[in-house]
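This report concerns only the one structure given below.
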Amino acid sequence: MTVTDGGLAEEDSLQSGAFSARLVVGAPGVLGAFNRAGVIAAPDVHVAMRLARIGGDQDEQVSLAAALAVRGPRQGHVRVDLLEAPEMAAIDLEGSETAESLPWPESGEWLARLEASPLVSVGSDGPPDRPLRLIGSVLYLDRYWRDEGAVASELSERSDAGGSSIDEAVLDEGLARLFPGPSGASDRPDDQRGAAEASVRRALSVVAGGPGTGKTTTVAKVLALLVDQAEAAGRRRPLVALAAPTGKAAARMQEAVRAASAELPLPERVREYLSSVEATTIHRLLRLRPGNSSRFFHDRYNRLPHDMVIVDEMSMVSLPLMARLLEAVRRDARLMLVGDPDQLASVEAGAVMADIVTGLGARISTLRSNFRFSGGLAALAGAVGTGDPDRVIEVLRSPGDGRVAWLDTPGDAPNESFGTATPAALRDAALGFGRDLYEAACAGDVYTAITTLPTFRLLCAHRRGPAGVRAWNDQIQAWLTDGIEGFSPEPGWYPGRPVMVTANDYTLRLFNGDTGVVVAHPGSHDVAVFDQGGRVASVSPSRLSHLETVFAMTVHKAQGSEFGRVALVLPPAESPLLTRELLYTAITRARHSLLIVGSEESLRAAVGRRVARASGLAERLGG
Numbered sequence: 007m008t009v010t011d012g013g014l015a016e017e018d019s020l021q022s023g024a025f026s027a028r029l030v031v032g033a034p035g036v037l038g039a040f041n042r043a044g045v046i047a048a049p050d051v052h053v054a055m056r057l058a059r060i061g062g063d064q065d066e067q068v069s070l071a072a073a074l075a076v077r078g079p080r081q082g083h084v085r086v087d088l089l090e091a092p093e094m095a096a097i098d099l100e101g102s103e104t105a106e107s108l109p110w111p112e113s114g115e116w117l118a119r120l121e122a123s124p125l126v127s128v129g130s131d132g133p134p135d136r137p138l139r140l141i142g143s144v145l146y147l148d149r150y151w152r153d154e155g156a157v158a159s160e161l162s163e164r165s166d167a168g169g170s171s172i173d174e175a176v177l178d179e180g181l182a183r184l185f186p187g188p189s190g191a192s193d194r195p196d197d198q199r200g201a202a203e204a205s206v207r208r209a210l211s212v213v214a215g216g217p218g219t220g221k222t223t224t225v226a227k228v229l230a231l232l233v234d235q236a237e238a239a240g241r242r243r244p245l246v247a248l249a250a251p252t253g254k255a256a257a258r259m260q261e262a263v264r265a266a267s268a269e270l271p272l273p274e275r276v277r278e279y280l281s282s283v284e285a286t287t288i289h290r291l292l293r294l295r296p297g298n299s300s301r302f303f304h305d306r307y308n309r310l311p312h313d314m315v316i317v318d319e320m321s322m323v324s325l326p327l328m329a330r331l332l333e334a335v336r337r338d339a340r341l342m343l344v345g346d347p348d349q350l351a352s353v354e355a356g357a358v359m360a361d362i363v364t365g366l367g368a369r370i371s372t373l374r375s376n377f378r379f380s381g382g383l384a385a386l387a388g389a390v391g392t393g394d395p396d397r398v399i400e401v402l403r404s405p406g407d408g409r410v411a412w413l414d415t416p417g418d419a420p421n422e423s424f425g426t427a428t429p430a431a432l433r434d435a436a437l438g439f440g441r442d443l444y445e446a447a448c449a450g451d452v453y454t455a456i457t458t459l460p461t462f463r464l465l466c467a468h469r470r471g472p473a474g475v476r477a478w479n480d481q482i483q484a485w486l487t488d489g490i491e492g493f494s495p496e497p498g499w500y501p502g503r504p505v506m507v508t509a510n511d512y513t514l515r516l517f518n519g520d521t522g523v524v525v526a527h528p529g530s531h532d533v534a535v536f537d538q539g540g541r542v543a544s545v546s547p548s549r550l551s552h553l554e555t556v557f558a559m560t561v562h563k564a565q566g567s568e569f570g571r572v573a574l575v576l577p578p579a580e581s582p583l584l585t586r587e588l589l590y591t592a593i594t595r596a597r598h599s600l601l602i603v604g605s606e607e608s609l610r611a612a613v614g615r616r617v618a619r620a621s622g623l624a625e626r627l628g629g
């Protein structure tokens, strides 16, 4: 039986009485039945049982609803609609008839029991001190309902507020300098100009666009325009915070803003100012309180000192984190949110960026002119983005410009057996990359090793299983062992090993998602080298405890990164992780070329299946 747990679909271990961490021994009645079926997992059951004890309500139907409400955020949902719960469970069980045979409560009676429960606040005016909140047929954990309301309220108020007074002549001069060209010129990025002007005029600005549309360049130009305004008014330059959900994304944002500022027509003093602005993670900006993973030093009682806060990679920001950020931003400060609503949402609860774009509608600045992608890559990304499976297949089957290739595998051939079942093009691409990396690393050539690292990556939907990252990393290392004299992945610390950091280390300035490569160090142990914005950090293996090999990585982990060539291995069509957002995100990781390995059935399933995040934010924003 296949179950979904925390976004990962894996094989359960119920066969032959094997132990499963998803099962709760002695789970009573209805909870036990739904737990054994895989609809709810052990954490859901334990929390529901604890709430029943604390609240003095042993009603099994209430406990089931509580377990489903707890389960939701683990899978990215903010809430659960109880009227749709059986259907959603069937989807999660990948079409299994098990969900239909479960003892689902009759909807009217179920809602009535919840309304009468001391664990449940009913309606928006219900008591604030109960763990569950029922709005119609929709059930929330109360803290998520409050976070959703706070985000909607903050964004609505900020979107209705104007920015500080603007010197129109200074703004016009700045826009003309940064966006030159006669009106109507075909090469003029009008969408960027409109986004920049809106960001200067508004207290809240939202800039949406795909990779290569100039989002970071727009950020740099907005900062330059704000410096112009401050200098014209005799004020100090604005105190700006650049933030992103991950350390890797923050470092990339800082590098991109500085690179853009170096190319803009700016006075040297403004260029120096832009180069001095540093980026950090949202968590570090807000400063986590010691011993508490969800409370911050900066909050509504101690707001951030910044005049403007700019957040990049908004699609990766969860609802709770967004709530904490908004309450910490000064009421009179500008807030600029930047991201791609078509990419994968946060692995935690919510789809904040997509909900904001839907809810705020016309007040969003959308960048459409693409300066990075063209030809087959652009056509394929566009077809996926619009949800047109026939056009996707047409693009993949046409000769095009040679930047996109598709190995149409029958059924699950590349997933069931490696070696002879693996297409030669995929094996050759991985082997060529691994050989280049290994040779540079053995020679101690740090520059070549680091610049080779982002030239290729194999992307997967899953971490585990025959189509997952672990299996493909093992397979690529086996190819290298067979194809390169002297290569051996044993012991695990070997020259040419591409590695990814899986936990933040502020002492080393290495963050979750940073990638590096192991290189030989003459007269000493091998070291891992990381590119930190033009500065190479060499780290001894004894100082690194949270690492993974990354010849292959998940699409989620690749989000925000770019690679010269990408190979995407699709899982079987029935995989619940195979979605339009995952396919789009994978395609847009490739700068130069893309190789897709998978069946037409999997491609069509991906294009037709959107990430379904149960959320009320867009509705509460007015969308």
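Take any residue in the sequence shown, note its place counting from 1, add 6, and you have its number in the numbering used here.
Glycine included, C-beta positions come from ideal geometry on N, C-alpha and C.
- In this structure, the beta-carbon distance from Val228 to Val206 falls below 8 Å.
- One thing to note: Arg463 has its Cβ within 8 Å of the Cβ of Phe569.
- DSSP places Ala39 within a helical segment (H, G or I) once states are collapsed to three.
- For Tyr150, the three-state secondary structure derived from DSSP is helix.
- For the 8 Å CB-CB criterion, Trp499 and Ala558 do not form a contact.
- Short of 8 Å from the beta carbon of Thr415, and not among the five residues preceding or following it, lie these beta carbons of its own chain, in chain order: Pro429, Val603, Gly604 and Ser605.
- Sequence-distant partners of Arg306 (beyond 5 residues in either direction) whose C-beta falls short of 6 Å from its own C-beta, in its chain, are Glu333.
- Beta-carbon to beta-carbon, Leu486 and Gly440 are separated by about 5 Å, close enough to satisfy the 8 Å threshold.
- Under DSSP, Gln349 takes part in no beta bridge, so it has no partner.
- With respect to the C-alpha of Met359, the residue from Asp434, Ala265, Ala158 and Ala455 having the closest C-alpha is Ala158.
- For Arg469, the secondary structure class from DSSP, reduced to helix, strand or coil, is coil.
- Nearest in C-alpha terms to Met328, of all of Val30, Gly628 and Leu623, is Leu623.
- The continuous stretches of alpha helix (DSSP H) do not include Leu138, which lies in the beta strand (DSSP E) extending over residues Leu138 to Ile141.
- Remark: fewer than three beta-carbon pairs, one from each stretch, lie closer than 8 Å, so the region 67-79 and the region 308-316 are not flagged as touching.
- Under DSSP, the beta-bridge partners assigned to Gln538 are Arg541.
- C-alpha of Tyr444 to C-alpha of Arg571: approximately 18 Å in a straight line.
- Excluding five sequence positions before and after Thr252, the CB atoms of its chain that fall closer than 8 Å to its own CB belong to Thr287, Glu319, Met322, Phe517, Asn518, Gly519 and Gly566, given in chain order.
- Here Ala201 is near Thr224, since their CB atoms are less than 8 Å apart.
- Below 8 Å, too few C-beta pairs join the region 608-622 and the region 502-513 to call them touching: fewer than three.
- Within the model, the alpha-carbon separation for Leu291 versus Ala247 is close to 8 Å.
- Residue state for Phe439 is assigned as helix, using DSSP reduced to three classes.
- A direct Cα-to-Cα measurement between Ala268 and Thr513 gives close to 29 Å.
- By the 16-neighbour rule on beta-carbons within 10 angstroms, Ile362 is buried.
- Three or more beta-carbon pairs separated by less than 8 Å link the region 463-473 to the region 574-581, which places the two stretches in contact.
- Straight-line measurement puts the Cα of Met94 at about 28 Å from the Cα of Val398.
- Proximity of the region 449-464 to the region 388-404 falls short of the contact definition, fewer than three beta-carbon pairs being nearer than 8 Å.
- In the three-state reduction of the DSSP assignment, Trp478 falls in the helix class.
- Partner residues in the beta bridge of Ile316, as assigned by DSSP, are Leu248 and Met342.
- Within its own chain, the residues whose Cβ lies closer than 7 Å to the Cβ of Asp63, once the five positions on either side in sequence are excluded, are Ser123, Pro124 and Leu125, listed in chain order.
- For Trp412, the enclosing beta strand (DSSP E) stretches over residues Val410 to Asp414.
- The C-alpha of Asp346 is placed about 27 Å away from the C-alpha of Val233.
- CA-to-CA, the gap between Arg164 and Ser170 works out to about 12 Å.
- Closest in C-alpha terms to Asp173, from the list Leu181, Pro547 and Ala573, comes Leu181.
- Of the residues Asp394, Trp151 and Leu437, the one whose Cα lies closest to the Cα of Ile482 is Leu437.
- Looking at the backbone, the Cα of Ser352 and that of Glu625 are separated by about 19 Å.
- Counted as a single uninterrupted DSSP element, the stretch harbouring Ala33 is not any alpha helix (DSSP H), since DSSP gives it neither H nor E.
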